[in-house]
Amino acid sequence: MARNLVIVESPTKAKTIKKMLGSNYKVVASVGHIRDLPKSTLGIDIENDFEPKYINIRGKGDLIKSLKKDAKASNKVFLATDPDREGEAISWHLAHILDIDPNSKSRVTFNEITKDTVKKQIKSPRAIDINLVDAQQARRVLDRLVGYKISPLLWKKVKSGLSAGRVQSVVLKIICDREQEIEDFISEEYWSIEANLKKSRKSFEAKYYGTLENGKIKKVEIKNENKADEILQNIDRENFIVSDIKKGVKKKNPSQPFTTSTVQQEASKKLNFSTKKTMMLAQRLYEGIDIPGEGSVGLITYMRTDSTRISQEALDSLMKYIGENYGDSYSKKNTSSKKKDNVQDAHECIRPTDVTKAPYLIKDSLSRDEYKLYNLIWKRFVASQMQPALYNTMRLSINSNNEIFKASGSQISFDGFLKVYEIDSEKDNILPDLEVNDKLKLDSIDKNQHFTQPPARYNEASLIKLLEELGIGRPSTYSPTISTLLSRYYVVVEDKKLIPTEIGTTVNDILIENFPDIINEKFSAELETELDTIAEGKLQWKKLIEDFYEKFEKELLVAEEKIKKVEIRDEVTDIKCEKCGRNMVIKMGRFGKFLACPGFPDCRNAKPLVEKIDVKCPKCGGDIVVKRSKKGRKFFGCSNYPECDFVTWNKPIDRKCPECNEILVEISNRKEHIIKCSSKTCSYREEVKEEKNE
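Mapping of the sequence shown onto UniProt numbering: position 226 corresponds to residue 226, and the numbering continues sequentially without gaps.
Okay, here's the thing in structure tokens:
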């Protein structure tokens, strides 16, 4: 029988570590928490100094019995749950269940699951860090008080099944505030003038900038068409003269290695992964992947971190790899980075555990999505310690009868980190070789009307970036917070944008009116700082709860009297229910709106809500409508399906291709915004110029 017991959280992690430690160790999984606050009651003794009333989690009785048996039969028990506050608390609960002294040296952590690291750490156990446990308890108790005290108010005043949360409700507020900004936005007209100029067969675009007055260039905003026409009339079309040239060198530095926040943002932008999917894949890469000849090995370091720090050992290995594979000229000389004030820095960045395991070498061992994420993490890590990319730049001022146009160009002179990590926006824009006083030929000149656009709705990546900047939540909270808002239907995703629903807006209005001191960005950010202070042993966690609850309790009593009953009525349509004849109503579901019979539960009829886009099917002339795949992805198909099988992922528009007469479709993503022909054999396309945001 194994003499030592190692308890981790995940069965996959247990399997990986077991192979590394050998027969003297039995490795088992707790499968997350084994003790928690009860679901059916508050579980906090407010009168007894806010003491939590933990219970064994329902359904884990057999597992707890098995853990106790294994612990009793072992000489030594190692608590090896995840290396963060949550993991520390799980180990503390395990110590309680298994009657282990939390001050004994039984706690081990693995920032990376490789054979050397696991064997090294298992030889250096430490006591459970009670300060980290207290920080987790403070967060758990605060969240329970807010959720279990405010949610019943929402059930009573709005409808059952709603919930409030300390972080969740602040994030909802941010999304609703942006929606209000969009509704309040007043669009303003503006115009631009672009000239296509040529020198020695090389053409380029120059944009109108302003007017030369008394030897100085004054920028001019073109507010209306009359002003645009006035400028065009003043331009001498036969005389476009280069009046100034500025040449220089631009340096583009690589981004730092990934943190939890930045990997979620970049995976969303580059791979189109949701935060939930990114974290699920990262967990697999951390816990272990079977590699032929090596067995199960963790490919990346721990994925919940807000630090960009790299260990010296990993840094030395990386610098050697860069030198051997790309040359010493690509290796960064200064590798230090300044720590941000709000960074816990308990772990390293997210990086490959072994940089020599280049993605292409282990591609066959990974699923398609695992490979994509590992490839992204590996490239970002390698690029972070490479030299900056260098560009030769040129900026031109062009004079036509004292009306000034500007053009800029750049060309990569040294690719640096771009050799590994591509950036979409970094493309050559080469201007012809020019000298001051060179005369340019005008090919064409156009004026274009525009209207300022409201601020964009948040997508998952931009929302996470904002939350990190504001100091709201921590890396581990971003994904579950967004998932909760979606599961409660407070927010829906349309075209990758987060849009508040009617119920979400209603809940938000109630919360910010009655709990303004809690449901705000400042409070949430300050609380994170106080939790860090508890983790450092500089603040008692129950003191934080006491100070919070004293004011919160008073707000609850006022809100109980102040909040009036809100009735949210479903939108009634003129579509009749085929089963009972009632007018169907629009309801919100997991994948957006759908039609349902108001006679539920007597009549359970429901069907998709048909959303027309005012474009006719090119095959049969029926209406093209918006549809959803089983995974919730939007696509476009004919309303006459299955008789007509027309379908496309891209949004059709009400125009035909001028070259082949097939229907045109619109494509808008992070890389491009174009209109192109739907035919695979036709290459017709139009660039769509984006309007600027205020």
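Every residue gets a Cβ at the ideal spot worked out from N, C-alpha and C, and that includes glycine.
As the structure is a computational prediction, the values presented were derived from the model and not from experiment.
Where ARG201 falls, given that 16 or more other Cβ within 10 Å makes a residue buried: exposed
Can you tell me the Cβ-Cβ gap for ILE377 and ILE350, rounded? I've got them flagged as a contact below 8 angstroms. 6 angstroms
Start and end residues, alpha helix (DSSP H) containing GLY87: 85-97
Given that a residue counts as buried once 16 or more other Cβ atoms are within 10 Å of its Cβ, and exposed if not, what is ASP134? buried
Does the segment 456-464 come into contact with the segment 195-211, if we say contact requires no fewer than three beta-carbon pairs (one atom in each stretch) closer than 8 angstroms? no
Consult DSSP for PHE381 and reduce its assignment to one of helix, strand or coil. helix
Assuming CYS620 and ASN640 make a contact with CB atoms under 8 angstroms, what is their CB distance in whole Å? 6 angstroms
Name, in chain order, the residues that DSSP records as bridge partners for TYR25. ASN4
Which residues mark the beginning and the end of the beta strand (DSSP E) in which LEU440 is found? 439-451
Alpha carbons only, please: which of GLU112, PRO152, GLU662, ILE653 is nearest the one belonging to ASP354? GLU112
Note down, in chain order, each residue of its chain lying with its Cβ closer than 7 angstroms to the Cβ of ASN399, except the 5 sequence neighbours on either side. LEU212, ILE241, SER243
Where TYR490 falls: helix, strand or coil (DSSP): coil
Residue closest to PHE552, alpha-carbon to alpha-carbon, out of PRO516, SER66, LYS441, ASP602: PRO516
State the DSSP-derived secondary structure class of SER410, mapped to helix, strand or coil. strand
Can you tell me whether DSSP reads ASN226 as helix, strand or coil? helix
Give me the DSSP bridge partner(s) of ARG35. ASN56
Residue environment, ARG58, which counts as buried when at least 16 other CB atoms sit within 10 Å: exposed
Give me the Cα-Cα distance between ILE675 and LEU442, rounded to the nearest whole angstrom. 27 angstroms
Straight-line Cα distance separating SER66 from ALA14: 15 angstroms
Might you give, ordered along the chain, the residues of its own chain that have their beta carbon closer than 6 angstroms to the beta carbon of LYS593, omitting 5 neighbours on each side? ILE586, LEU609
Drop a sphere of 10 angstroms on the beta-carbon of ALA127, count the other beta-carbons inside from all chains shown, and report buried for 16 or more, exposed for fewer. exposed
So, at 8 angstroms on beta carbons, what are the nonlocal neighbours of LYS680 in its own chain, with the 5 sequence-adjacent residues on each side left out? none
Using the DSSP secondary-structure output, state which residues sit across from MET386 in a beta bridge. SER331
Could you give the first and the last residue of the continuous beta strand (DSSP E) run that contains ALA206? 202-213
Look at the Cβ atom of PHE381, then the Cβ atom of PRO359, and state whether they are nearer than 8 angstroms. no
Identify which residue in LEU595, CYS577, LYS554, ASP36 has its Cα closest to the Cα of GLU571. LEU595
Going by C-alpha to C-alpha distance, which of GLU643, VAL220, PRO598, MET20 sits closest to GLY288? MET20
Find the nearest neighbour of ARG144 within the set ILE174, PHE50, GLY161, judged by alpha-carbon distance. PHE50
Name the DSSP bridge partner or partners of GLY248? THR393
For GLY409 versus ALA389, is the C-beta distance shorter than 8 angstroms? no
Assigned secondary structure, ARG628 (DSSP; H/G/I helix, E/B strand, else coil): strand
Just how far apart, CA to CA, sit ASP229 and PRO475? 53 angstroms
Compute the Euclidean distance between the alpha carbons of PRO11 and ILE34, then round it to the nearest angstrom. 14 angstroms
With DSSP collapsed to three states, give me the class of residue 698. Limits of the chain in this structure are 1 at one end and 694 at the other, which puts residue 698 out of reach.
According to the neighbour-count rule (16 or more other Cβ atoms, all chains shown, within 10 Å of its Cβ), is ASP36 buried or exposed? buried
Kindly list the residues whose CB is nearer than 8 angstroms to the CB of GLU528, restricted to its own chain and excluding five residues on each side of it in sequence; keep chain order. ASN342, GLY471, ILE472, GLY473, ARG474
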